[in-house]
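See below for the structure under consideration.
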Amino acid sequence: MIRLGLLGGTFDPPHYGHLIAAQEVAWRLHLDRVLFLPARQNPLKRGERSSAAEDRCQMVALAIDDDPRFALSRLDLDRPPPSYSADLLRALASPESELFFMVGADIVPELPKWREPEEILRLARLVVVNRPGAPDPDLEGLVKSFPATSGRVDCVRIPGVDVSSTEIRQRVRAGAPIRYLTPPAVERYIAEKQLYLTASPSGRGRAQRG
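The sequence shown begins at 6 in this note's numbering and counts up by one.
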């Protein structure tokens with residue numbers, strides 16, 4: 006059976022933090038592969054705007070190109086919005102695969118607000134990614150709310166990397182370097198396509214939180 010990790014996000018742009026998280030989870034949980042799933046639209050962030058789906062998809066492809074364990078999936082991009090994790094997991098579920106659904110520790114308190122949280126936790130093991138020094142997520146509370154998660158939640162601490170998509174976009178707009186924050190191929194793509202240079206009507210930039 007294939008142990009398949011799933012890392013979703015807007016990836017606007019992808020950066021080394023995403024890659025380190027995927028690598029650490031793959032190593033610690035002995036995953037065979039990690040799928041990067043760029044999201045078309047987060048249903049909990051309907052008021053936010055992201056860069057064009059094709060740009061984000063291409064940047065992910067460039068970021069993961071040299072790691073054979075990582076693969077790009079357009080499944081979420083090619084589905085009609087909004088993006089619901091339960092629908093995505095149903096589409097990916099297979100008797101030949103065990104799914105490992107990766108989320109940040111800050112997402113754990115929000116899980117009850119998601120669509121069909123019980124179905125998400127039934128279809129995949131939940132992998133909670135946390136940074137060193139950050140408080141531990143309330144996994145006991147999660148298990149109390151969703152008893153089916155008992156024994157199906159893994160918490161993985163990753164090496165601390167203080168970088169975010171938001172910071173990268175802000176630095177691009179300010180004319181600051183982004184070298185060593187994102188892979189060189191992504192840096193070149195951003196420059197060639199002139200991404201993140203203008204602010205959106207909301208004043209938060211052409212691309213929003215990743």
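The beta-carbon is built from N, C-alpha and C at its ideal position, and this holds for glycine as well. Since we're looking at a predicted model, the values are computed, not measured.
If you follow the beta strand (DSSP E) that residue i is part of, which residue opens it and which one closes it?
i     : result
Arg33 : Where Arg33 is concerned, there is no enclosing beta strand (DSSP E), although the alpha helix (DSSP H) it sits in stretches over Tyr21 to Arg33.
May I ask you to list the residues that DSSP assigns as paired with residue i?
i      : result
Cys62  : Cys62 pairs with nothing; no bridge assigned.
Pro43  : Gly14
Leu77  : Phe41
Ile7   : Ser102
Gly109 : Val134
In the structure shown, what three-state DSSP assignment does residue i receive?
i      : result
Thr171 : helix
Asp159 : strand
Leu104 : strand
Arg184 : strand
Ser207 : Low confidence applies to Ser207: its pLDDT is 37, below 50, so where it sits in the model is not reliable, and the reading given next is rough at best. Coil.
Pro117 : helix
Val166 : coil
Pro86  : coil
Ala57  : coil
Taking buried to mean at least 16 other C-beta atoms within 10 Å of its own C-beta, is residue i buried or exposed?
i      : result
Gly138 : exposed
Gly13  : buried
Thr203 : exposed
Glu192 : buried
Arg61  : buried
Asp72  : exposed
Ile125 : buried
Tyr1   : For residue 1 there is no data in the structure shown, the boundaries of the chain being 6 and 215.
Ser99  : exposed
Pro140 : exposed
Gly208 : Confidence in Gly208 is poor, its pLDDT being 36 and thus under 50, which makes the residue's placement unreliable; the coordinate value appears in the next sentence. The residue in question, Gly208, is exposed, as its Cβ has fewer than 16 Cβ neighbours within 10 Å.
His20  : buried
His35  : exposed
Ser155 : exposed
Ile173 : buried
State the start and end residues of the unbroken alpha helix (DSSP H) segment that holds residue i.
i      : result
Ser90  : Ser90 to Leu97
Gln190 : The sequence given here has Ala at residue 190, not Gln. Residues Pro189 to Lys198.
List, from N- to C-terminal side, the beta strand (DSSP E) runs of 3 residues or more that fit wholly inside the region 121 to 145.
130 to 135
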